[in-house]
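Each step along the sequence shown adds one to the number in the working numbering, with nothing skipped, and position 207 is 195. All C-beta atoms, glycine included, are put in the ideal place defined by N, C-alpha and C. Only one structure is covered here, and it is reproduced in the block below.
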Amino acid sequence: MLLFELRTEVARYARKMYDSQLVRASQGNISARDPKSGLICIKPSGGDYESLTAEDIVVIDEHGKVVEGKWSPSTETPLHTLILRRRHDIHCVMHTHSFYASAFSVVHKPVPVILAESASCLGGEVPVTPYKRSGTEEFAELVAEVLGDGAAVIWGNHGAMAVGTNPSHTFSVAHALEDSARIYTIARQLGDPITLPSQEVHELHALWLEHYRLKAADHA
């Protein structure tokens, strides 16, 4: 089987997304790129998270053409491939529907950096796109533009997306976003939340990225 180890990892993190309530039912998706071949492993369209295995994960090229797999790739394939073509610093894209990040998507408000742990993962305030129907090249362009070189972006009236160097890294980013959105919502009921200074956020994020860079080098 082509890219068996990476397909296994994508399936495992897809199940972890479901178990941790980052997604429900068949919502959301995940993809990961093999740095050596440039091929991308992506969740199938409508796949059942609880039963996903390596055999269910579809292998596509950087433009979305199926290379190997028995199912159709995610309907968000145009977005995943566009982000991965433009961002050579990351190799994984994760689309979530977690409750609190989705709540921010409904009010079109960015998620501020209020936690040191989240600052490490996110590196800055998480922006929100205007609403646009997903699954199209136009939507992909919009998300890519708003994401820029960031770690996450919220889709207006929809959900959120996290990116990272690998599925483990990206999973941490997705949880950092949801934790920040949830704690900020709770803190607003107690008073005025204090955001972290931008320089501190920058330094914490740089340290975290270096940590993941060294881990990747150890496993290379």
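Which residues in the same chain have their Cβ closer than 7 Å to the Cβ of glutamate 113, if we skip the five residues on either side of it in sequence?
Closer than 7 Å at the Cβ level, and outside the excluded window around glutamate 113, lie Pro98, Val99, Pro100, Val101.
Are the segment 87 to 97 and the segment 137 to 145 in contact at 8 Å, needing three or more beta carbon pairs?
yes
Are the CB atoms of alanine 42 and alanine 2 within a distance shorter than 8 Å?
no
Proximity of valine 151 and valine 81 at Cβ, strictly below 8 Å:
yes
Give the DSSP bridge partners of asparagine 17, in chain order.
His83
Express the C-alpha separation of isoleucine 18 and aspartate 255 in angstroms, rounding to a whole number.
In the structure as shown, the chain begins at -11 and stops at 208. Residue 255 is therefore absent and cannot be evaluated.
Run through the DSSP bridge pairs and tell me what cysteine 56 is partnered with.
According to the sequence provided, residue 56 is glutamate. The question's cysteine does not apply to it. According to DSSP, which records beta bridges pairwise, glutamate 56 is partnered with Val47.
What is the DSSP secondary structure of alanine 148, counted as helix, strand or coil?
strand
Which residue from Ser14, Gly57, Cys29 puts its Cα closest to that of arginine 21?
Cys29
Using a Cβ-Cβ distance cut-off of 8 Å, determine whether valine 161 contacts chain D.
Of the protein chains in this structure there is only one, and it is not chain D.
Which residue wins for smallest C-alpha separation from leucine 130, given the options Asp167, His85, Leu70?
Of Asp167, His85, Leu70, the residue nearest in Cα terms is Leu70.
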